[in-house]
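> Residue numbers (the working numbering), protein chains in the order written: chain A, 1 to 250; chain B, 251 to 567.
All C-beta atoms in this analysis are idealised placements derived from N, C-alpha and C, irrespective of residue type, glycine included.
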Ligand SMILES: [Fe+2]
Ligand SMILES: [Fe+2]
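#1: Rounded to whole angstroms, what's the CA-CA distance from residue 485(B) to residue 372(B)? Just pull it up for me.
#2: Which residue marks the beginning of the beta strand (DSSP E) containing residue 459(B), and which one marks its end?
#3: For residue 183(A) and residue 73(A), what's the separation of their Cα atoms in angstroms?
#4: Could you give the distance in angstroms between the alpha-carbon of residue 118(A) and the alpha-carbon of residue 186(A)?
#5: How is the beta strand (DSSP E) around residue 501(B) delimited, first residue to last?
#6: Alpha carbon to alpha carbon, how far is residue 157(A) from residue 422(B)? Give it in angstroms, no decimals.
#7: Leaving out the 5 sequence neighbours to the left and right, which residues in its chain are closer than 8 Å to residue 500(B) when beta-carbon positions are compared?
#8: Do the region 395-410 of chain B and the region 344-352 of chain B make contact, defined as three or more Cβ pairs closer than 8 Å?
#9: Using a threshold of 6 Å, is the CB atom of residue 230(A) nearer than that to any non-hydrogen atom of ligand 1?
#10: Keeping to the same chain, check which residues put their C-beta closer than 7 Å to that of residue 70(A); ignore five residues upstream and five downstream.
#11: Give, in chain order, every residue of the region 64-76 of chain A whose Cβ lies closer than 9 Å to some Cβ of chain B.
#12: Taking only three categories from DSSP, how would you classify residue 272(B)?
#13: Counting only runs of 4+ residues fully inside the region 70-120 of chain A, write out the alpha helix (DSSP H) ranges in chain order.
#14: Could you check if residue 430(B) is buried or exposed, using at least 16 other CB atoms within 10 Å of its CB as the buried criterion?
#15: Who's in the neighbourhood of ligand 4, going by beta-carbon under 6 Å from any heavy atom, listed in chain order?
#16: In chain A, what lies closer than 8 Å to residue 376(B) by C-beta?
#17: Under a three-way DSSP split, which group does residue 29(A) fall into?
#18: Would you list the residues sitting across from residue 510(B) in a DSSP beta bridge?
#19: In the region 29-42 of chain A, which residues sit with their C-beta less than 7 Å from some C-beta in chain B, listed in chain order?
#20: Go ahead and pull the three-state DSSP assignment for residue 251(B).
#21: Would you mind telling me which residues of chain B sit closer than 7 Å to residue 249(A), beta carbon to beta carbon, in chain order?
#22: Between the C-alpha atoms of residue 438(B) and residue 418(B), what's the straight-line distance to the nearest angstrom?
#23: For residue 396(B), list the residues DSSP reports as bridge partners.
#24: Is the number of C-beta pairs between the region 20-35 of chain A and the region 298-312 of chain B that are closer than 8 Å three or more?
#25: List the residues of chain A that residue 309(B) touches, going by C-beta distances under 7 Å, in chain order.
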């Protein structure tokens, strides 16, 4: 049982870990100071959530490992994040589209997890949900700004949304462990999360004059450990110190 | 031209002498305004250029705890930039104009940020020495005569001293670690020591602004006084770490009650200020590129805000 909760926690932790990493690459390079600070805030929140999940994961794993062992010392195929969050910071429109699509999934996910029968997961979700409400407001406002801003910004956000939308299908493909956790009332029911995700995106894309019609192909993988080429480079950065200087205190 | 017997200027100087603040709406000599715009904006630019050397280590930080702390620190510097740009704006200049001055190379920023951050230990050394040196200046500036600047400094100083402790704690961890970590810490001190001393600016004898700056209480201590204070405070901190300050001439002088220290390479300082430091080009490019790549985003936000306003007007009608 603990092994299963552990596996489920990795899915919960690895998405904020990799997205937080992507956002942290932007710190100091935002289009203005306010946005720079806003994106960094989101990154900070996400890393805080990662730490909560991974501390708990290490505890129930029971092998004396730490949050850092789990964050930094797994192999590529052992990371359980979706491909969506690995996608690069191609431009600000990508950053916003990626963030919004993730938030539109993350918020209903947490809405369910606050009722988890695992009290630790419920507590972490409770703590995270206020943060994610803010992330969702930030990213959806920006989707609207870019969608309904200038012709140029509309073109860029439409392109980003069309491409990134193809990475969303993989999010809702239920894995065995997710199914089991959901049955036990520990994890979320992904069908319900998906329903919320679809109505949220429908509403916001309509406001922003964006369309994802005709984009029905979906990239899969991710949480089964099959990733895009980007993850290797992310891990090269993320794991650099731990791999180069093993077993030291920092 | 303002003569000493100008009643406005006499009144202005009397206020400063009494230790009262000058506020944005108060009369001030044009030169005081210009000097402040220059100094506050230089300071603001230093905060945001200063995000770059440390920013480049966020993705590689060795633990989650360190990552979060570094990310928060670099974000604090962005906040400092914001406060300071706002303080400069009270003197009648816009943020866009200030950015133009930075991007064109007309405005300067602290030359320390033109040095590379090449190992994790640099995150320790920068916090300990660079934030440490910045604090000496900034604590003094909390009592500077221009109100908005002084108040911005009060907020900033609290965070800077936190940064310094955090940096020192990184150094301490390294120095209590393995041989490799200790060597990394010593190497970082070797590289950052002299540039940190240069942060206080030229020697008093060669610092043309000092006298006027003291009179207007833009400065309360001279460059050399602050530099000495920094050396005196830092020596014992290095001793606790067990690493060696790279200056064979460093020696306690009983008679002066201060440490004597070796000569600073002023030629290097001049070169870095002139744009020839190891990272000047990269730092400026990074700032310019962020600004240029952000242009369409800022345009979109503006266009959207205008559309929203027009819509709300229509609704009102
Ligand atoms: Fe600062
Ligand atoms: Fe600082």
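So, to answer that:
#1: Roughly 18 Å between the two C-alpha positions.
#2: For residue 459(B), there is no enclosing beta strand (DSSP E), since its DSSP letter is neither H nor E.
#3: Distance between the alpha carbons of residue 183(A) and residue 73(A): 31 Å.
#4: Going by the C-alpha atoms only, they are around 6 Å apart.
#5: In the DSSP assignment, residue 501(B) falls within the unbroken beta strand (DSSP E) covering 501-503.
#6: One alpha carbon belongs to residue 422(B), the other to residue 157(A), and they sit about 46 Å apart.
#7: The residues are 481, 485, 509, 510, 511, 512.
#8: Segments in contact, no.
#9: Not so, every heavy atom of ligand 1 lies at least 6 Å from the Cβ.
#10: If we look at residue 70(A) and ignore the five residues flanking it on each side, its Cβ neighbours are 54, 57, 58.
#11: The region 64-76 of chain A vs chain B, Cβ under 9 Å: 66, 67, 68, 71, 72.
#12: In the three-state scheme derived from DSSP, where H, G and I count as helix and E and B as strand, residue 272(B) is classed as strand.
#13: Counting whole runs of 4 or more residues, the region 70-120 of chain A contains the alpha helix (DSSP H) stretches 92-113.
#14: It is exposed - the Cβ of residue 430(B) has fewer than 16 other Cβ atoms within 10 Å.
#15: For ligand 4, the structure offers nothing, since it holds only ligand 1 and ligand 2.
#16: Proximity of chain A to residue 376(B) at the Cβ level (cut-off 8 Å) is not reached, the minimal Cβ distance being about 14 Å.
#17: In the three-state reduction of the DSSP assignment, residue 29(A) falls in the coil class, being assigned neither a helical nor a strand state.
#18: Answer is 501(B), bridged to residue 510(B).
#19: Closer than 7 Å at the C-beta level to chain B, one finds these residues of the region 29-42 of chain A: 29, 30, 31, 32, 33, 36, 37, 40.
#20: For residue 251(B), the pLDDT reaches just 43, beneath the cut-off of 50, and the residue's location in the model is therefore unreliable, leaving the point undetermined.
#21: What residue 249(A) touches in chain B: 423, 427.
#22: Distance between the alpha carbons of residue 438(B) and residue 418(B) is about 12 Å.
#23: Its beta-bridge partners are 272(B).
#24: They touch, by the three-pair rule.
#25: In chain order: 21, 24, 25, 237, 238.
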